[in-house]
Amino acid sequence: MSEKAPDGTHRKGVTAFSARDGLLSQPVLVLNRNFEPLNVVPVRRALVLLLKGKAEMIKPADGLTLHAARQSLPVPSVVRLMVYAHRPPAKVRLNRRSILLRDDYTCQYCGYRGPGLTVDHVIPRDRGGKTDWDNLVACCTRCNAKKGNRTPEEAGMTLRKRPRKPAYLPYMGYAKLMQALRNPDWHDFFRPFVRE
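Every letter in the sequence shown is one number past the one before it in the working numbering, and letter 97, counting from 1, is 120.
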């Protein structure tokens with residue numbers, strides 16, 4: 024992209040955006056003072072935090088710059104708050120969505136990723152299996168039908184990983200977390216807080 028000069032010509036090598044380009048609504052990861060992922064906000068909100076001195080830029084977005092009348096600013100991808108934001112401890116709720124999120128929307132028997140995932144009791148309920156983190160896994164309908172009312176060993180199936188309660192749940196909401204996890208530039212900021 025190039026910027027249009029007042030004389031109508033274009034200057035090469037300068038990326039210019041306006042609010043209508045949607046750049047100001049691009050996602051920015053906000054880290055707490057201790058580098059813990061805290062939230063995902065639009066570029067517009069991140070710029071306000073930066074300009075007010077409430078945050079510092081940790082990582083700029085690759086090759087994106089905002090041009091204003093008096094200055095040019097790199098577009099942030101990750102910012103960190105200057106003061107620690109105290110927050111209540113997150114509670115991990117046991118529900119279908121949490122199980123699918125923990126298992127990365129992947130069948131824990133065959134590795135299938137896609138629509139139609141269900142939640143399976145590893146040890147069937149009628150055999151004393153509990154509805155808890157250690158006995159529930161994401162499962163595709165095909166593997167669920169194959170396993171039926173048997174244990175994985177009886178069905179000749181193996182789990183990809185042992186199910187357990189997540190060690191970390193970020194403060195941000197589910198939708199924002201999913202958005203954050205899709206951005207490969209942000210993975211390193213989540214890694215210290217997730218224990219496998």
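Don't be surprised by glycine CBs; every beta carbon is placed ideally from N, CA and C. What you are looking at is a predicted structure, and each value in this text was computed from that prediction instead of being measured.
Work out the CA separation of residue j and residue i for me, nearest whole Å.
i	j	result
K199	N62	7 Å
L159	V145	6 Å
C130	A92	52 Å
W209	D149	43 Å
L1	P215	The question about residue 1 has no answer, for the chain in this structure spans 24 to 219.
E59	R110	11 Å
K184	D155	16 Å
Y128	L89	36 Å
P186	A178	18 Å
K169	P175	10 Å
P112	N206	25 Å
In chain order, what residues of the same chain have a beta carbon less than 7 Å from the beta carbon of residue i, not counting five sequence neighbours either side?
i	result
S121	V115
N55	L61, L104, Y107, A108
L47	P65, V66, R67
L72	A78, V102
T164	G139, T141
If you drop the 5 nearest sequence neighbours on each side, which residues of the same chain put their C-beta closer than 6 Å to that of residue i?
i	result
G137	none
V101	L52, I81, K82
G152	H144, I146, N158
C166	C130, Y132, C133
F213	P60
L124	none
N172	P147
For residue i, which of helix, strand or coil comes out of DSSP?
i	result
A178	helix
T154	coil
K170	helix
P99	strand
H210	helix
R136	strand
I81	strand
P65	strand
P189	coil
P215	helix
L104	strand
Based on the DSSP output, what are the partners of residue i in its beta bridges?
i	result
C162	T141
L109	The residue asked about is misnamed: residue 109 is His in this sequence, not Leu. Partner(s): none; H109 has no beta bridge.
V71	In DSSP, V71 forms no bridge with anything.
P60	L54
Do you know whose CA, among the options, lies nearest residue i's CA?
i	options	result
C162	F213, E59, T141	T141
L117	D126, R110, P111	D126
L74	A84, P99, E176, N57	P99
S95	L70, P112, G76	L70
M180	G134, P112, F213	G134
Q49	F213, D211, Q202, F212	Q202
Using a Cβ-Cβ cutoff of less than 8 Å, which residues in the same chain neighbour residue i once the five nearest sequence positions on both sides are dropped?
i	result
G76	M105
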